[in-house]
Each structure stands twice: as structure tokens, then as C-alpha cells.
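Q: A single structure is presented below for examination.
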Amino acid sequence: MQYDFLKHFPKRMKSVGLYAMLIQNSIQKTTWKQYGFLKSDEQINLIFAVLLYIMEQSLREDICTIDDIGAYIDTVNTQYFHKHLGYDECKELGDFIINHILCNEGKVMYFEGFDFEEQKSIPIHISYVANKTVFLEQDFRRTSYYLTDDGYNLLLSTLEIENNMKLTIHEMIFHMHLERQSYDKAVDEIKNIFHILHVQLQKIQEAMGKIRRNALSYSVRDYETILLENLDTIQNTKQKFQDYRQMVKSRVKELEEKNINVRQLLDTEREKLEYLREIERYLSRTIDEHQKILNGHFDLKALYTKELEQLSQMSLIQRFSLRTKLYDEVLKDADTLSRLHYFLRPLFNQDVSKVYNPNKAFQLQRLPRKRQEQDSLEELDFDEESWLLEKERARKEKLKKYEKSLSCLLCYVFNKGEATLAEFAQNINEKEKEQLIPSVDIFKEIMVELLRSRTIDLAALQKERRDYIKDSSEDFQLYEMLLSLAEADKGKPIQRIEISRTEDKNVVTFANIQEEGQLRTIRCSDVHFHVYRKE
Amino acid sequence: MAYEMDTIRASQEIFYYLLKHHELKEEEEQGLYRAYTEQEEVQNLVKSQGEIADSVIERYGNIIYLIPREENDILGFSKGQLKSMLCKSGATDKDYYLSQFVILTLLVEFYDGQGSSSKTREYMRTGELMNSISSYLKEGMEHKEEEEAQEGIAFADMLRAYEALKSDERGSRAKTTKEGFLHNILIFLEKQGLIEYVAQDEMIKTTKKLDNFMDWNLLNQNNYERVLKILRGTKDE
Numbered sequence: 021m022q023y024d025f026l027k028h029f030p031k032r033m034k035s036v037g038l039y040a041m042l043i044q045n046s047i048q049k050t051t052w053k054q055y056g057f058l059k060s061d062e063q064i065n066l067i068f069a070v071l072l073y074i075m076e077q078s079l080r081e082d083i084c085t086i087d088d089i090g091a092y093i094d095t096v097n098t099q100y101f102h103k104h105l106g107y108d109e110c111k112e113l114g115d116f117i118i119n120h121i122l123c124n125e126g127k128v129m130y131f132e133g134f135d136f137e138e139q140k141s142i143p144i145h146i147s148y149v150a151n152k153t154v155f156l157e158q159d160f161r162r163t164s165y166y167l168t169d170d171g172y173n174l175l176l177s178t179l180e181i182e183n184n185m186k187l188t189i190h191e192m193i194f195h196m197h198l199e200r201q202s203y204d205k206a207v208d209e210i211k212n213i214f215h216i217l218h219v220q221l222q223k224i225q226e227a228m229g230k231i232r233r234n235a236l237s238y239s240v241r242d243y244e245t246i247l248l249e250n251l252d253t254i255q256n257t258k259q260k261f262q263d264y265r266q267m268v269k270s271r272v273k274e275l276e277e278k279n280i281n282v283r284q285l286l287d288t289e290r291e292k293l294e295y296l297r298e299i300e301r302y303l304s305r306t307i308d309e310h311q312k313i314l315n316g317h318f319d320l321k322a323l324y325t326k327e328l329e330q331l332s333q334m335s336l337i338q339r340f341s342l343r344t345k346l347y348d349e350v351l352k353d354a355d356t357l358s359r360l361h362y363f364l365r366p367l368f369n370q371d372v373s374k375v376y377n378p379n380k381a382f383q384l385q386r387l388p389r390k391r392q393e394q395d396s397l398e399e400l401d402f403d404e405e406s407w408l409l410e411k412e413r414a415r416k417e418k419l420k421k422y423e424k425s426l427s428c429l430l431c432y433v434f435n436k437g438e439a440t441l442a443e444f445a446q447n448i449n450e451k452e453k454e455q456l457i458p459s460v461d462i463f464k465e466i467m468v469e470l471l472r473s474r475t476i477d478l479a480a481l482q483k484e485r486r487d488y489i490k491d492s493s494e495d496f497q498l499y500e501m502l503l504s505l506a507e508a509d510k511g512k513p514i515q516r517i518e519i520s521r522t523e524d525k526n527v528v529t530f531a532n533i534q535e536e537g538q539l540r541t542i543r544c545s546d547v548h549f550h551v552y553r554k555e
Numbered sequence: 078m079a080y081e082m083d084t085i086r087a088s089q090e091i092f093y094y095l096l097k098h099h100e101l102k103e104e105e106e107q108g109l110y111r112a113y114t115e116q117e118e119v120q121n122l123v124k125s126q127g128e129i130a131d132s133v134i135e136r137y138g139n140i141i142y143l144i145p146r147e148e149n150d151i152l153g154f155s156k157g158q159l160k161s162m163l164c165k166s167g168a169t170d171k172d173y174y175l176s177q178f179v180i181l182t183l184l185v186e187f188y189d190g191q192g193s194s195s196k197t198r199e200y201m202r203t204g205e206l207m208n209s210i211s212s213y214l215k216e217g218m219e220h221k222e223e224e225e226a227q228e229g230i231a232f233a234d235m236l237r238a239y240e241a242l243k244s245d246e247r248g249s250r251a252k253t254t255k256e257g258f259l260h261n262i263l264i265f266l267e268k269q270g271l272i273e274y275v276a277q278d279e280m281i282k283t284t285k286k287l288d289n290f291m292d293w294n295l296l297n298q299n300n301y302e303r304v305l306k307i308l309r310g311t312k313d314e
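Read top to bottom, the protein sequences are chains R and F.
Count the first sequence with this note's numbering and you get residues 21 to 555, in order.
Count the second sequence with this note's numbering and you get residues 78 to 314, in order.
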């Protein structure tokens, strides 16, 4: 699966579905309005209050009939909500909450959750309250409601364990799994621990952001809880996690040594090793996170103090209201807008105008051409495929130039059998010259390669090519190109070519070569070619 | 009074930095910042230099700002310069007034609070800004109807000019669209370090600088004469 985090998705959807169905059932009902519960917040508050009552009754294994629920709502209402409802209305309301919202009129409720492993959505069964028939005194039958498993889970999840406890609990579980060597579960636990620490760090950062923006919007109580949580995390963990890391490390080492010295590891052991390494990785990250929390803790304290000090200064400032004192007045008279800039001017800064230094005129001025070229390399719209194609095309074009240049030279040499560059230079026309020297770089590279080889044994090269398979190369390869050119030659097979500088140190000049819009003259030493053909 | 050369140099350095960047943040230039905050002499020298440059040097939070005075056309923007920055070439007075109205509306939407800070919201989308501009323009027009036939600009004209701009769903930045008109103003404000403007998401957020300026300076009761001056309309302009 591409995304590992989607693995237990249906499980999560079950928890979410519990809330979603409940709210969905409640929010569309207009019956609420008859009882004066207009806001959905009020409605949901009441539903959960009722659910808690049912839970309480079920835990005590007491009977919980509609009458009981009605009485409960009546009490709660008169004491806290103060809606004008009599006992009978409360009972009706209870009936409505139980039967319409929680039990969906007895119809089964499903929440569709997508299972990414199975690649389809599966219906997840949801129920909050079930009922059974009970006998009150003297065979008087009534329906009693009790909470289902789902209902319990829903209510338990509304009151999370406290944050500091969470860490301890997860740590205990982690420890247990480690002891039992069920490393796969230990990995999950250490991930949880890491997440808890990470959340704590994020909390600190968010708090700092909030304080920076406006320290007053951050309440002292928030500050207190976060500080206490921080302290708890800090003292709790570090030593323990370091011990764990030591332990995990030693176990990894044990397994690794076994692998090297004793025997090949079994598959299960190899799996364990993998898990252990994962645990170690997470442990080190956890310790890092711990360190960051420690730092963040002190930063937070310093920041809060500082911002509060500043705020106490700021609160001394008397401010007028922008809307009533200015905006409303402006709305009455548009002419004021012509003078409004006066009010805004402190906001804007103008850059100081620049001064020209005449000395600049005497400095060496370079054309910014190089820079432009680099800039043009930065493709904004990047399409990798077309980019690669384009690159390939450019490469082929360049190779073509090499080939033309070389063939132009060699055709002449092959025809003559023996020739010098000076001779050739005298006999070529403009078009050939252009072919020979497409650019200075290319011409130079060809000549250097030729001179460096001195003797080229074509027969041997041919043999070599027959014996080995080679990938076509990206760059200019003299021998390969030479071979293909020699094969294209019509005369007797060429045995070898000898290339050398002429003795007399002549200089060959090619004038008026076009390059990048400029005319250039190329000078190079004269070269002597000798072609030996098979007799 | 005798000053140490080091003190003078430090103050000059700070002032030049302020000229270049308009503000000096503690986290970016700790040395200079501390010189300013911890040595009274340096602070006084910088302030006096600011006075000569027809500006005010103030520290709001942990940032030192160079604030040009209202009449300062060298470091601040004169009305004409502001117009050329906010409106595109060939703009009429109507466009300029409208741009001023846009900025003022933006400020009202953000800084309408009476708590310890005047800031009341975290962000605003350009669409909402556009809508509130037209509704306020209409409101202004209604005010005006009673005392018709006054000379000068009227909200009715501005509203007509504003509504004549096309509204473009695709967020075109052309001169003839509302989006384009606002875009130019918002970009200017962003360059001045007053807002963060993400054109892609049509997101406008204010910066710490603007928050500080509104709280400490613009809305400060001590600076209320500025507002009075605008409302009374001094004839000497």
C-alpha cells in the first residue's frame, strides 16, 4: 500500500462515525424547536447529558425506562437549562431523544467507511442504546434502555485521559511489549509516544505564535497547563528513553552478531531485527523531540514574560475608534479622501533615490550575457519528459556537427591519401569551411583528438568493435565516428591513418569564421595526414 | 555634551540601516538593536538624526522603525507619488480617491477593536474586501443624497467607477477588472511590509508592522489631530 497511514482507516471511521451519525440524526430534526432547544449546541449538550445518565444507570445495573429519563431531564432542565417544560413534555423530549435520535426509530444504522486495503467502502454498524424488557413489581412490563459497547466507547472518548497520564501509559505498554519481545507492537507504541511528544512541541510552538501575535489572547490558564505538561514530559522521559535505546541497541547488536558469527537468521528473527531498528530510530527521534521541548519550554517562558511587559506599556495608550471617529465621517463626505493620505503617511516609506557615480564610467563594463544564459537555464514550466527529449535532441544535433566536420576533413584526406591541413584550407570553399568549423570548440576538440591519437589502426578498431558490444555514448567519440566514416569510404579498405604535426611549424589560418554573431579568425598549427590502404 | 566616537558611529550605522531597510529587527541585527536599546546616548543620537531627516524613530515591540513625518516627501510619499504608485498610469482623481478608500476600508475591517489591541481578525479574502468596498460605497452614497450638489468628488462617482470595473472569476490582473485594481494596491502594501498577500489564495494577512503601527501610532489618541485635520479640511493645501 502506498500510504501506510491509511491502514487502520475503518477503525478510525468507526469512532468518527459514532459522532457523525449522532449529529446527523439530531441536526435535521425540527422537533427540538417545540421544546425550545433552538441552537444545535444546546441540543447536542442535552443528548450527551442523557447518554451519560443512561451510562450511569447501566453501570449500576439499574433499570432505566422512559419515565426515569423524563424525570432526569425534568430535573436537569429546572436546575440548569430553565426551559419552560413540564414533566410530560420532558418525558416526550426524552422519548424523542431515545427513539428518534439514539435508536433511529429502531432501524439499523450504518456508517460507510472506506477500507483502503480492500479498496471499497464497508458499512460499519453503529448503535448507541439498546433495550430489554424488564418486569417491574407485579408483572408490570417496561422497556429499559442500556448503553451498548459503541455507546460506552463514544462516552469514554469524550473524556480523554489526561495528557501526562497518556505518556506514562504508552510508555508502560511500550515497556511491556519490549519485554515480551513483541517488537511489532512496540513499534506502534513508540510511534505513539513520539507523536505525543511531537504534539506537545507543536503546542509550545503554537502557543509562542499566539503570544507573539497577541499575548492577551493567550490566557494564563493555558499557560499554566502547558507549563505543567512540559515539566511533566521533561522530567518523565529522558533517562528512561535513553535506557530503552541502550537496551534496543544491545539487542540489535546481539542479533546482528548472531547473523554474522553463528548462522543465518531465520525470517522471524530478521523481521525482529527490522522492527528493533525501527524502534531505535524512533527512540532517537523521541529523545531529540524531548530536547526540543526542553528548549521550547524556556523560550516560551521568556517570550511570555517579555510580551506581557510590552503589553503593559501598550495598554497605557489611549486609542480612538477607527470606525466611528474616522471611517463613518469619511463616509459622510468623500472630499475627506483627498486628504486621507495624511493619515496613512506614517505607514509608507520611500526608498532614497539613487545617485550616479561618474567613476562608474571608467570601469570595465562587461556585457551581462553570461548571466542571461544562466537565467535561461532556469525552466519555470518543468515537464521532465519533454525536457529529456529536448536534451536528447540537442545532443544529437551536436554530434551531427562533429560528424559533418570530421567527414569533411577525412573525405579530402581519404581521396588524396596524403595531405596537410594547410593544403586543405586552401582548397575548400565557404560552404565546406562552415561544415569544417561549426564552432571553434568543436573544431578544436576534433583536432586535439586526432593529434593525440597519432596512429589510428582501423583494422584493429574494427576487430575490437566486432568482439565487444558497446553502448552508444553521450559524447563525441573519435574512433567510433572514424570507423563509420571509413566504412562509408568507397576505395580500398583503409588500414591505418597517421597524423602528425608538420616539421616546418607552419600556421594554418581560417579567417572570417562566424561564431555567436561575431567574425573570428582561427589559427592552428599545420597537421599532416597519411592514409595507408590495403594493397 | 561630549560623545564617544564609537557611540556616534553606532548611531550613524543604525540610521543608515534604517534608511536602507526602514526597520531594524532584533533577530536580524542584534548588535545594532542592542546598541539602540541599551545605550541611551546612541538612542538619543539616532532620534536626533531622525529629527533632522524630518522623521520619527520609534521602537514598537522588538523592532525599531523609521517613520517619516507627514510632510516629509523625501522619505515618505507625497500625494502625487502615492497616486503614481497606487494607480496605473492615466488614472484620474477618482481612481486615486478610490484607492485611498480601499486602504481605509481594509484598515477598518482589520482594526475595529477596542480591546487591548485594535486588531479584530486574522485574515481576509480579497473577495470579501471587494464586497465590503462596494457596500460601503453605497452607504456613503446614501449619506450624500441629502446634501446633493456639493462640488468635488462624490461617492456616487466612485461607486460608478468601481462598478464599471469588471469582475473576473479567473482572477485576471487586467487594469479593467476589480481584481486588477485591488491587486496593484495590495502589492504596494505588501512591498511596504504592511500585509502578506498571497494572490493565489486571495489571502490578505496583516504583518506585525501594520499591527504595531495601528496600535501605537495611527490610532493613538495623541495623533487624533491628524484625523481632525482630514475631517476639517484645511484650506492651505
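Using N, Cα and C, we set each Cβ at its ideal position, and we do this for glycine too.
All values reported here derive from a predicted model rather than from experimental measurement.
1. Cα separation between residue 153 of chain R and residue 120 of chain R?
2. Is residue 298 of chain F a contact residue of the ligand MN, with contact defined as CB to any heavy atom under 6 Å?
3. Judging by CA-CA distance, which residue of R/109, R/320 and R/368 is the nearest neighbour of residue 152 of chain F?
4. Within 10 angstroms of the Cβ of residue 294 of chain F, are there 16 or more other Cβ atoms? Answer buried if so, exposed if not.
5. Comparing the C-beta of residue 329 of chain R with each C-beta of chain F, is any distance below 7 Å?
6. Mind checking the region 330–358 of chain R against chain F and listing, in chain order, the residues whose C-beta falls within less than 7 Å of any C-beta there?
7. So which residues on chain R does residue 212 of chain F lean against when the C-beta distance must stay under 8 Å?
8. Return helix, strand or coil for residue 75 of chain R, following the three-state DSSP convention.
9. Hey, quick one: how far does the beta strand (DSSP E) through residue 375 of chain R stretch, first residue to last?
10. At 9 Å on the CB atoms, spell out the chain R contacts of residue 241 of chain F, in chain order.
11. Taking the C-alpha atoms as reference points, what is the distance between residue 392 of chain R and residue 501 of chain R?
12. Since residue 201 of chain F is in the alpha helix (DSSP H), which residue starts that stretch and which ends it?
13. Distance check for residue 414 of chain R and residue 477 of chain R, CA to CA, integer angstroms please.
14. When DSSP labels each residue in this structure, what does residue 284 of chain F get in the three-state scheme?
15. Give the interface partners of residue 297 of chain F over in chain R, defined as CB-CB distance under 7 Å, in chain order.
16. What three-state label does DSSP hand residue 152 of chain R in the structure shown?
17. Kindly list, in the order they appear in chain A, the residues whose Cβ is closer than 7 Å to that of residue 79 of chain F.
18. How many angstroms separate the CA atom of residue 36 of chain R from the CA atom of residue 111 of chain R?
19. List, in order along the chain, the chain R residues whose C-beta lies closer than 9 Å to that of residue 178 of chain F?
20. Can you check whether the CB of residue 343 of chain R is closer than 7 Å to the CB of residue 195 of chain F?
21. Counting C-beta neighbours from all protein chains within 10 Å, is the total for residue 296 of chain R 16 or more, i.e. buried, or is it exposed?
22. So which of R/525, R/287 and R/470 has the shortest CA-CA distance to residue 550 of chain R?
23. Below 8 Å on the Cβ atoms is my guess for residue 422 of chain R versus residue 462 of chain R; work out the distance and round it to an integer in Å.
24. Whose Cβ in chain R lies nearer than 7 Å to the Cβ of residue 282 of chain F?
25. State the start and end residues of the unbroken beta strand (DSSP E) segment that holds residue 134 of chain R.
26. Would you mind telling me which residues of chain R sit closer than 8 Å to residue 306 of chain F, beta carbon to beta carbon, in chain order?
27. Which of the three DSSP states, helix, strand or coil, is assigned to residue 223 of chain F?
28. Cβ closer than 7 Å: which chain R residues qualify as neighbours of residue 232 of chain F?
29. Quickly, what does DSSP pair residue 519 of chain R with across the bridge? List them, please.
30. What number of angstroms, rounded off, separates the C-alpha of residue 377 of chain R from the C-alpha of residue 383 of chain R?
31. Put residue 394 of chain R into one of helix, strand or coil per three-state DSSP.
32. Provide the residue(s) that pair with residue 174 of chain R in DSSP beta bridges, ordered along the chain.
33. Taking the beta strand (DSSP E) that residue 366 of chain R belongs to, which residues open and close that run?
34. Tell me residue 96 of chain R's beta-bridge partners as DSSP assigns them.
35. Give the DSSP-derived three-state secondary structure of residue 197 of chain F in the structure shown.
36. Using a Cβ-Cβ distance cut-off of 7 Å, determine whether residue 165 of chain F contacts chain R.
A: Looking at the coordinates:
1. Taking the first residue of the first sequence as 1, we reach residue 153 of chain R at position 133. Taking the first residue of the first sequence as 1, we reach residue 120 of chain R at position 100. Cα to Cα, the separation comes out at about 19 Å.
2. As presented, the structure is devoid of all ligands, the ligand MN included, so that no description of it is given.
3. Looking up residue 152 of chain F in the second sequence gives position 75. Measuring from the Cα of residue 152 of chain F, the nearest candidate turns out to be R/368.
4. Sequence index remark: in the second sequence, residue 294 of chain F carries index 217 (1-based). Flag for residue 294 of chain F reads buried.
5. Start at 1 with the first residue of the first sequence, and residue 329 of chain R comes out as number 309. The beta carbon of residue 329 of chain R does not come within 7 Å of any beta carbon belonging to chain F, so the residue lies off that interface.
6. 330, 331, 334, 335, 337, 338, 339, 340, 341, 342, 343, 345, 346, 347, 349, 350, 351, 352, 354, 355, 356, 357 and 358
7. Translated into positions along the second sequence, residue 212 of chain F becomes position 135. Simply none; closest approach about 11 Å.
8. Taking the first sequence and counting its residues from 1, one reaches residue 75 of chain R at position 55. Helix, per DSSP.
9. The residue given as residue 375 of chain R occupies position 355 in the first sequence. Careful: residue 375 of chain R lies outside any beta strand (DSSP E) and carries neither H nor E.
10. Sequence index remark: in the second sequence, residue 241 of chain F carries index 164 (1-based). Chain R residues near residue 241 of chain F: none, gap ~17 Å exceeds 9 Å.
11. Against the first sequence, residue 392 of chain R aligns to sequence position 372. Against the first sequence, residue 501 of chain R aligns to sequence position 481. Only weak support is given to the placement of residue 392 of chain R: the predicted model assigns it a pLDDT of 48, under 50, and the question is left unresolved by the model.
12. Within the second sequence, numbered from 1, the residue matching residue 201 of chain F stands at position 124. Residue 201 of chain F -> not in any alpha helix (DSSP H); beta strand (DSSP E) instead, spanning 200–202.
13. Taking the first sequence and counting its residues from 1, one reaches residue 477 of chain R at position 457. Taking the first sequence and counting its residues from 1, one reaches residue 414 of chain R at position 394. For the pair residue 477 of chain R and residue 414 of chain R, the Cα-to-Cα distance works out to about 31 Å.
14. Position 207 of the second sequence, counted from the first residue, corresponds to residue 284 of chain F. Residue 284 of chain F falls in the coil class under three-state DSSP.
15. Within the second sequence, numbered from 1, the residue matching residue 297 of chain F stands at position 220. For residue 297 of chain F, the chain R residues whose C-beta falls within less than 7 Å of its own C-beta are 337 and 339, listed in chain order.
16. Looking up residue 152 of chain R in the first sequence gives position 132. Residue 152 of chain R: strand per DSSP, three-state reduction.
17. In the displayed structure, chain A is absent; the protein chains listed are R and F.
18. Position 16 of the first sequence, counted from the start, is the residue given in the question as residue 36 of chain R. Position 91 of the first sequence, counted from the start, is the residue given in the question as residue 111 of chain R. The alpha-carbon atoms of residue 36 of chain R and residue 111 of chain R are separated by roughly 30 Å.
19. Residue mapping note: residue 178 of chain F aligns to position 101 of the second sequence, counting from 1. Near residue 178 of chain F (Cβ distances below 9 Å), the residues of chain R are 350, 354, 357 and 360.
20. Here residue 195 of chain F refers to the residue found at position 118 when the second sequence is read from its first residue. Here residue 343 of chain R refers to the residue found at position 323 when the first sequence is read from its first residue. The answer is no: Cβ separation not under 7 Å.
21. As a position in the first sequence, residue 296 of chain R is number 276, starting the count at 1. Classification of residue 296 of chain R: buried, given that the 10 Å Cβ count is 16 or more.
22. Mapped onto the first sequence, residue 550 of chain R falls at position 530. That would be R/470, whose Cα lies nearest to the Cα of residue 550 of chain R.
23. For the purposes of this step, residue 422 of chain R is identified with residue 402 of the first sequence, where counting begins at 1. For the purposes of this step, residue 462 of chain R is identified with residue 442 of the first sequence, where counting begins at 1. With 8 Å as the limit, residue 422 of chain R and residue 462 of chain R qualify as a contact, their Cβ atoms being about 6 Å apart.
24. Taking the second sequence and counting its residues from 1, one reaches residue 282 of chain F at position 205. What residue 282 of chain F touches in chain R: nothing, since even the nearest Cβ is about 10 Å away.
25. As a position in the first sequence, residue 134 of chain R is number 114, starting the count at 1. Start and end: 129–135.
26. Walking along the second sequence from the start, residue 306 of chain F turns up at place 229. Simply 359 and 362.
27. As a working note, residue 223 of chain F is residue 146 in the second sequence. Unreliable positioning characterises residue 223 of chain F in this predicted model, as indicated by a pLDDT of 49, which lies under 50. The coordinate reading is nonetheless provided below. It is helical.
28. The count along the second sequence starts at 1 and reaches residue 232 of chain F at position 155. Per Cβ cutoff of 7 Å: 354.
29. Residue mapping note: residue 519 of chain R aligns to position 499 of the first sequence, counting from 1. Looking at the DSSP assignment, residue 519 of chain R forms a beta bridge with R/549.
30. Position 357 of the first sequence, counting from 1, holds the residue named residue 377 of chain R. Position 363 of the first sequence, counting from 1, holds the residue named residue 383 of chain R. Straight-line spacing of the CA atoms in residue 377 of chain R and residue 383 of chain R works out to 11 Å.
31. The residue given as residue 394 of chain R occupies position 374 in the first sequence. At residue 394 of chain R the pLDDT is 47, less than 50, meaning the model places this residue with poor confidence; the figure from the coordinates comes in the next sentence. It is helical.
32. Residue mapping note: residue 174 of chain R aligns to position 154 of the first sequence, counting from 1. BP columns for residue 174 of chain R are empty, so no partner.
33. Mapped onto the first sequence, residue 366 of chain R falls at position 346. Careful: residue 366 of chain R lies outside any beta strand (DSSP E) and carries neither H nor E.
34. Residue 96 of chain R sits at position 76 when you count from the first residue of the first sequence. Answer by DSSP bridge pairing: none, since residue 96 of chain R is not bridged.
35. As a working note, residue 197 of chain F is residue 120 in the second sequence. Looking at residue 197 of chain F - three-state DSSP - the assignment turns out to be coil, as it is neither helix nor strand.
36. As a first step, residue 165 of chain F is located in the second sequence; it is residue number 88 there, counting from the start. Residue 165 of chain F does not count as touching chain R.
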